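Chemist:
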Amino acid sequence: MIHLSQQQITTGRVPAIELSDQLTVAVRFRSTGSGAERSQALVAQWTLASDFDAFSSYDATHTDGLVCAGYMGGVFDGRYIYFSPNRDSRLRDSVHGRVLRYDTLGDFDDPSSYTAFDVEHVTHLRTVNYYGAAFDGRYVYFSPQDEGHQYHSRVLRYDTRSGFKDRASWQSYDMGMIHSHQGIAFDGRFVYFPPGYEGTSTYESILEDKHSGQFMRYDTHSEFANPDSWQRFDSKPLSERATNFDGAAVDGRYVYFVPLSNGLVLRFDTRGRFEDSGSWHSYDVSRFRKDGWFVGAVFDGRYLYLVAYSHGVIVRCDTNGDFSDDESWSTRDVSGTAGLDTGGFDGGLFDGRYAYFMPWNNPQGKHHSNFLRFDTLGDFDDAANWTACDAGHVGGMKTIGYNGGVFDGRFLYGAPVCDDDEFHGRILRYDTLAEGTFALRHSDYGHNGGLCAAVPGPSFIVNTDRGPISAAAHQALGPGAHEVAGVYSQGALRLIVDGAVVTEIVGSGALQRSDAEIAIGQFADSAARFEGSIEAVVIGDGALDVEQISRALRSGDAGA
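Quick note, the numbering used here runs 22 ahead of the 1-based positions in the sequence shown.
(1) Less than 7 Å between the C-beta atoms of V117 and E169, yes or no?
(2) Runs of 3 residues minimum, wholly inside the stretch 418 to 444: which ones carry the beta strand (DSSP E) assignment?
(3) By DSSP, does L70 sit in helix, in strand, or in coil?
(4) Mapping DSSP to helix, strand and coil, what is T33?
(5) Could you pull out every residue in the same chain whose Cβ sits closer than 8 Å to the Cβ of R451, ignoring the five residues on either side in sequence?
(6) I think A247 touches I206, with their Cβ atoms under 8 Å apart; what is that distance to the nearest whole Å?
(7) With hydrogens ignored, establish whether the beta-carbon of V477 is closer than 6 Å to any heavy atom of the ligand ATP.
(8) Answer yes or no: do G529 and L515 have a C-beta to C-beta separation smaller than 7 Å?
(9) Would you kindly work out how many angstroms separate the C-alpha atoms of T33 and D209, rounded to a whole number?
(10) Please list, in chain order, all residues of the same chain as R576 whose beta carbon is under 6 Å from its beta carbon, the five residues on each side excluded.
(11) Return yes when the Cβ of F372 is within less than 7 Å of the Cβ of A381, no when it is not.
(12) Hey, would you say G578 sits closer than 7 Å to H25, going by beta carbons?
(13) Quick one: grab the DSSP three-state call for L45.
(14) Could you tell me the distance, in whole angstroms, from the CA atom of D442 to the CA atom of F545?
(15) Helix or strand or just coil, what does DSSP make of E557?
(16) According to DSSP, which residues form a beta bridge with R395?
(17) Alpha carbon to alpha carbon, how far is L147 from F316? Give it in angstroms, no decimals.
(18) Can you tell which of A58, H84, R35 has its C-alpha closest to the C-alpha of A501?
(19) With DSSP run on the structure shown, which of helix, strand or coil describes I228?
(20) For E220, count neighbouring Cβ atoms within 10 angstroms of its own Cβ and tell me buried if that reaches 16, exposed if not.
(21) How would you call P281, buried or exposed, if buried means at least 16 neighbouring beta carbons within 10 angstroms?
(22) Tell me which residue opens and which closes the alpha helix (DSSP H) that S577 is part of.
(23) Between H469, S184, K420, L455, which has its C-alpha nearest V428's C-alpha?
(24) Whose CA, out of I200, L64, S492, G198, lies closest to the CA of D125?
(25) Go to A270, then tell me how far its beta strand (DSSP E) extends in each direction, as first and last residue.
(26) Once DSSP output is grouped into helix, strand and coil, what is the label at E220?
(27) Pull the bridge partners of F105 from the DSSP assignment, please.
(28) I'd like the list of long-range same chain contacts for R239, defined as Cβ closer than 8 Å, with 5 residues on each side in sequence excluded.
(29) Quick one: Cα of G6 to Cα of V272, how far?
(30) Answer yes if the stretch 135 to 151 comes into contact with the stretch 191 to 199, meaning at least three C-beta pairs across the two stretches below 8 Å, and no otherwise.
(31) Taking a contact to mean a Cβ-Cβ separation below 7 Å, would you say A550 touches T69 in this structure?
(32) Can you tell me the Cα-Cα spacing of V337 and A406, whole angstroms?
(33) Run through the DSSP bridge pairs and tell me what S481 is partnered with.
(34) Got a sec, what are the start and stop residues for the beta strand (DSSP E) Q193 sits in?
(35) Rounded to whole angstroms, how far is the Cβ of Q62 from the Cβ of S548, which I believe are closer than 8 Å?
(36) So does the stretch 385 to 402 actually touch the stretch 556 to 572, counting three or more Cβ pairs closer than 8 Å?
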């Protein structure tokens, strides 16, 4: 066991140590910043990949005897990734409810790691066509879009503590509005559903000719089926252009709603009342690109990046500045990065250092797979910090057409929709890790994908020969003194927060050894910096219990 000295902690770098297949990593610290939505490492042997070529793919189109094609976003619950079902052909009425799930503890290319369940008639309501998903620590929520001929507001919820194919695990609630919702947000208590389009009871087909400003919000501390648990807010009185959003992000206090077509970014202050117009403010980004559309956002802990849809102008907001001040906003046209057609994305992701923009379609409407990446440690205006990679043919298959994505702590996953020829279920995966064994985090970015939402809070991830295993508290820590520890032994991984085991994940695999240095309060490449002071660090070659961890953090000796 190693108890780091204050000098080692201050230096922030420790040489690699010899490890067996048991590991304890523990930190006592005092945090000063937000415990939500910022990727902050406490101690890590984790080096992010500088090369941009580690892609793999798997065709899940035919899973469990179902056609699994056409998904809009997804979400990670700590073990499973859920892809949100949309439709499976260019016909608008080809909407479906076939939820696709991937077990991250299984091999990526093993069919047994995948399962699918058709939820279209799993409740008393028809539940099809969803656009993004959120996880609150227990339940997965799917954001409703339409049923082919008409919009709907039937929110679908899955209880992750019950069987995936158990009908009793699923619930639905209908807000009774003929509106679509696009994307989702979660602030740790409330789930937000951004409005898209609205219809009327006389419509017999989807027209997309009327924009909605009807936000929905659900209180996760209340009963799902109770009307009192739900609220609405109409943003149209703020402005006729405060409508039609697509995706959202949270910075720990404010919820930002991304404008699909009308150019007004809308921000809600979670410390205010939802129904109070004074809690809402807007900023007009159409001055940067007239008629510019955006889908989803990426947040790196300070800057919010609006993802350009069918064009190449990335808009960035400095959340440390005044939201209404023009000086807080900047842009960069990334079209033609690395000589590729990099104009048009749909959602984005963040690995602690790099922001990734999920490729979708170019200004001519043609689908592409030219991934764009920005190094957030560098200058936004320096072309050297931007790169792109063509991932249009990976693993012997065509890999084009992704709508949002999911991050599991190591791998990025693209949610498969369609290319120019067909709708498909070919999942594209990118490995963000160069080398490493573990990372203990104070917090992480939960809206990681552009169309998904979560509040991971403290987390612990280990890299094994069978892939990553991770556990998260799914509750943010407040400022002040805390102790967080991760323990891994063959068969289980535990996360301990302030003396209590908050999560335990069953998983096995031999730890992947690394010669990378151990970084304190950051990743090895100086990314994901912690906001606060670290007082004690223990790294043990063994599986310590709660009492031993507490003693070790205070004295350097775990005791018997």
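Heads up, the beta-carbon is just placed ideally off N, CA and C, and yes, glycines get one too.
For clarity, every value in this text was computed on a predicted model and none was experimentally measured.
Modeler: In this structure, then:
(1) Contact: yes.
(2) 424 to 429, 433 to 438
(3) strand
(4) helix
(5) If we look at R451 and ignore the five residues flanking it on each side, its Cβ neighbours are F77, S78, S79, Y80, F130, F433, L434, Y435, G436.
(6) About 19 Å; that fails the 8 Å criterion.
(7) Of ligands this structure carries none, so the ligand ATP is not represented either.
(8) yes
(9) 35 Å
(10) none
(11) The amino acid at residue 381 is misidentified as Ala; the sequence shows Pro. Contact flag unset, no.
(12) In this structure, H25 lies closer than 7 Å to G578 by Cβ.
(13) strand
(14) 39 Å
(15) strand
(16) Y378, T409
(17) Their Cα atoms are separated by approximately 32 Å.
(18) One point to set straight first is that residue 501 is Pro, not Ala, in the sequence displayed. Here the closest residue by C-alpha is A58.
(19) If DSSP states are grouped into helix, strand and coil, I228 belongs with coil.
(20) buried
(21) buried
(22) Boundaries of the alpha helix (DSSP H) harbouring S577: 568 to 577, taken from the DSSP string.
(23) Nearest Cα to V428 within the set H469, S184, K420, L455: H469.
(24) S492
(25) 267 to 272
(26) strand
(27) G96, L122
(28) Excluding its 5 nearest sequence neighbours in each direction, R239 has C-beta neighbours in its own chain below 8 Å: F212, V213, Y214, F215, W252, Q253, R254, F255, F296, listed in chain order.
(29) Not covered by the structure: residue 6. The range shown for the chain is 23 to 582.
(30) yes
(31) no
(32) 18 Å
(33) R463, A494
(34) 192 to 196
(35) Wrong, their Cβ atoms sit about 13 Å apart, outside the cutoff.
(36) no
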